[in-house]
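Since the structure comes first, as structure tokens, the remarks are kept for the end.
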Amino acid sequence: MKLFLITLLATSLMSCTSPQQSDGTVKTISATEYKGHHEKIDNQEVMLVDVRTPAEFEAGHLQKTQHADFLSGEFEKEMQTWDKDKTYYLYCASGNRSGKAAKLMEEAGFKNVYNIGGYSDLKAAGLPVKE
Numbered sequence: 007m008k009l010f011l012i013t014l015l016a017t018s019l020m021s022c023t024s025p026q027q028s029d030g031t032v033k034t035i036s037a038t039e040y041k042g043h044h045e046k047i048d049n050q051e052v053m054l055v056d057v058r059t060p061a062e063f064e065a066g067h068l069q070k071t072q073h074a075d076f077l078s079g080e081f082e083k084e085m086q087t088w089d090k091d092k093t094y095y096l097y098c099a100s101g102n103r104s105g106k107a108a109k110l111m112e113e114a115g116f117k118n119v120y121n122i123g124g125y126s127d128l129k130a131a132g133l134p135v136k137e
């Protein structure tokens with residue numbers, strides 16, 4: 007039993023000294039939660055980014071949106087030029103690509119990144135769209 011406790015304690019101590027993979031800067035919020043943040047979008051300090059394909063974007067997107075296609079590699083190139091201290095809200099069709107894009111941003115050192123999910127949910131929540 008003592009050996010088990012010593013092993014458990016040693017494992018706990020080692021995990022505390024290991025470098026952290028993430029500081030939790032990427033947050034996922036629902037369309038309803040995001041709705042209160044949309045008025046803050048100014049594309050200077052707070053940016054809204056649609057990471058869908060150009061065809062998806064042209065079919066309809068939220069107002070005040072910047073487009074950066076995640077699948078084409080455009081997103082990864084563009085984000086290198088963005089200010090890491092700004093706040094970013096990302097969305098796609100379902101939340102999958104925007105989640106991956108948010109993770110890339112987190113790994114690159116961005117401080118405030120939110121995955122706000124899918125376009126249809128955002129539209130259904132009553133956010134202003136451009137179609």
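With this note's numbering, the residue at position 74 of the sequence shown is 80, and numbering never jumps.
All C-beta atoms in this analysis are idealised placements derived from N, C-alpha and C, irrespective of residue type, glycine included.
{"Asked": "Starting from the Cα of residue 81, find the closest Cα among 51, 92, 69, 103 and give me that residue.", "Found": "103"}
{"Asked": "Determine the contact status of residue 116 and residue 90, defining contact as a CB-CB distance below 8 Å.", "Found": "yes"}
{"Asked": "Quick one: using the 10 Å Cβ neighbour count with 16 as the cut-off for buried, is residue 71 buried or exposed?", "Found": "buried"}
{"Asked": "Give me the Cα-Cα distance between residue 100 and residue 136, rounded to the nearest whole angstrom.", "Found": "18 Å"}
{"Asked": "Please state the DSSP three-state secondary structure of residue 56.", "Found": "strand"}
{"Asked": "For residue 63 and residue 92, I'd like the C-alpha separation in whole angstroms.", "Found": "23 Å"}
{"Asked": "DSSP has residue 101 in a bridge; who is on the other side?", "Found": "Partner(s): none; residue 101 has no beta bridge."}
{"Asked": "What does the alpha-carbon distance come out to for the pair residue 109 and residue 33?", "Found": "10 Å"}
{"Asked": "Name the two residues that bound the continuous alpha helix (DSSP H) containing residue 41.", "Found": "37-41"}
{"Asked": "Give the straight-line distance between the Cα atoms of residue 67 and residue 56, rounded to the nearest whole angstrom.", "Found": "8 Å"}
{"Asked": "For residue 107, count the other beta carbons within 10 Å of its own beta carbon; 16 or more makes it buried, fewer makes it exposed. Which is it?", "Found": "buried"}
{"Asked": "Would you kindly work out how many angstroms separate the C-alpha atoms of residue 124 and residue 51, rounded to a whole number?", "Found": "23 Å"}
{"Asked": "State the beta-bridge partners of residue 72 as determined by DSSP.", "Found": "55"}
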